[in-house]
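Residue numbers (my numbering): 38 to 339. Glycine is no exception: its CB is placed at the ideal position from the N, C-alpha and C atoms.
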Amino acid sequence: MYDIIGDIHGQASMLKSLLKSMGYKKENGVFSHESRKAVFLGDFINRGPEIRDTLILVRRMVEAGNALAVLGNHELNAIIYELKDKTGKPIAKRLLKYRLPLNQTLEEFLHIPDEYRSHIKWLRTLPMFLELDGIRVVHACWKDENIALLKESLTEGKLRRSFLKKVSKNNSELSTAFWQTCKGIDFQLPKDLLVFDNRGQARRSFRSKWWVNPQGLTFKELAFESRFDLPNYTIPDELNVTREPYGEDEPIVFFGHYCLRNGANILAPNLCCLDSCVSRNGKLAAYRWSGEKKLLAENIVK
Numbered sequence: 038m039y040d041i042i043g044d045i046h047g048q049a050s051m052l053k054s055l056l057k058s059m060g061y062k063k064e065n066g067v068f069s070h071e072s073r074k075a076v077f078l079g080d081f082i083n084r085g086p087e088i089r090d091t092l093i094l095v096r097r098m099v100e101a102g103n104a105l106a107v108l109g110n111h112e113l114n115a116i117i118y119e120l121k122d123k124t125g126k127p128i129a130k131r132l133l134k135y136r137l138p139l140n141q142t143l144e145e146f147l148h149i150p151d152e153y154r155s156h157i158k159w160l161r162t163l164p165m166f167l168e169l170d171g172i173r174v175v176h177a178c179w180k181d182e183n184i185a186l187l188k189e190s191l192t193e194g195k196l197r198r199s200f201l202k203k204v205s206k207n208n209s210e211l212s213t214a215f216w217q218t219c220k221g222i223d224f225q226l227p228k229d230l231l232v233f234d235n236r237g238q239a240r241r242s243f244r245s246k247w248w249v250n251p252q253g254l255t256f257k258e259l260a261f262e263s264r265f266d267l268p269n270y271t272i273p274d275e276l277n278v279t280r281e282p283y284g285e286d287e288p289i290v291f292f293g294h295y296c297l298r299n300g301a302n303i304l305a306p307n308l309c310c311l312d313s314c315v316s317r318n319g320k321l322a323a324y325r326w327s328g329e330k331k332l333l334a335e336n337i338v339k
């Protein structure tokens, strides 16, 4: 029996309260439950005020066997940002867009760099997805061909430097599979469509519903976006692609990443997004799964 917990983003106090409300108890500095196991959906770091405490809490639970965890895009960006080759040179360009989200995390570990390196090393041992007793767990997107390709490439129980170098620099099939799994499928807007987010910044792409076939949908229908609205007219065929929808008979998938501030967490009988926007004054969400084949709204805890 699993308690799947959405994006935490440095909100350790909120996580402790949620765990206690579900019957987890702290013994010898580690939370545990007598009959259940927590499953974390990634994005432990960045944004929140208690990033170090969050990492320690999650890591201790995982290492004690009281929890499982998958990597989110924020952890993967941190891993790639810190990774160096044998000469000590960063393997990827340290672009500002990767550094800015990490500022709070790096600040918390400013005077304890050895501990931060230890956490980065541990994060590299975590999986990008899980298949557990009939359910699937991933940070952003479960696409069968992507998962199959990652299974072929991740066979040694950790993210190796050679693998990370490939996915950080190439626009290859493997790179696409890697980033879609942890960041979802972004849809590129046409050049003549200008959309602004809630900060007034122009956007050139939007997060899409990866579990549907976009053919015949409007921009608004395809969007799974919390930062701006899309127009409600049909996407032109020349901009669209056909993809297999996630079938109704497929296993339940739990994922995070998409910051659902006002929407329901259960999107279909076998699709559940548990990112409830803790970094934007939302609540930390969990789903208490006990073997059911279809999701039940009463099993959502916030």
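Alpha-carbon spacing of residue i relative to residue j, whole angstroms
i	j	result
H148	A129	24 Å
L113	K330	31 Å
V95	F292	17 Å
E145	R89	7 Å
L186	G194	15 Å
A301	N307	13 Å
A115	A305	32 Å
K202	N250	32 Å
R197	R161	8 Å
K206	C309	32 Å
R84	I303	25 Å
T271	C296	25 Å
L143	N318	22 Å
F200	R298	35 Å
K53	K121	34 Å
N110	C219	5 Å
T124	K188	29 Å
V204	L191	12 Å
D229	A214	29 Å
Cutoff 7 Å; reference residue i; Cβ partners in own chain excluding five residues on either side
i	result
G237	none
I222	C178, S245, W247
Q217	C178, K180, N183
M51	V315, L321
Contacting residues, own chain, Cβ-Cβ under 6 Å from residue i (five flanking each side not counted)
i	result
L108	G79, L163, M165
R73	M38, D40
F68	L56, Y61, M98
H156	L92
Integer-rounded CB distance, given that residue j should sit under 8 Å from residue i
i	j	result
L332	A323	No, L332 and A323 are not in contact; Cβ-Cβ is about 13 Å, not under 8 Å.
Q11	R241	Since the first and last residues shown for the chain are 38 and 339, residue 11 lies out of range.
H176	H70	Not really, about 23 Å apart at Cβ, beyond 8 Å.
R173	V290	5 Å
Y153	L139	11 Å between Cβ atoms; not a contact.
Beta-carbon contacts of residue i that lie in its chain and below 8 Å, excluding the five residues immediately before and after
i	result
N269	T255, F256, K257, E258
M59	D40, H70, R73, A323, R325, V338
G328	M38, D170, G171
Opposing strand residues paired with residue i [DSSP bridges]
i	result
Y39	K74, W326
R173	E168, V290
E64	V67
Meets three-Cβ-pair contact criterion under 8 Å: the stretch 275-290 and the stretch 194-210 = no
With contact counted as at least three CB pairs below 8 Å, one residue from each stretch, are the stretch 226-241 and the stretch 286-305 in contact?
-> no
Spell out a yes or no on whether the stretch 43-57 and the stretch 293-313 are touching, meaning 3 or more CB-CB pairs, one atom from each, closer than 8 Å.
-> yes
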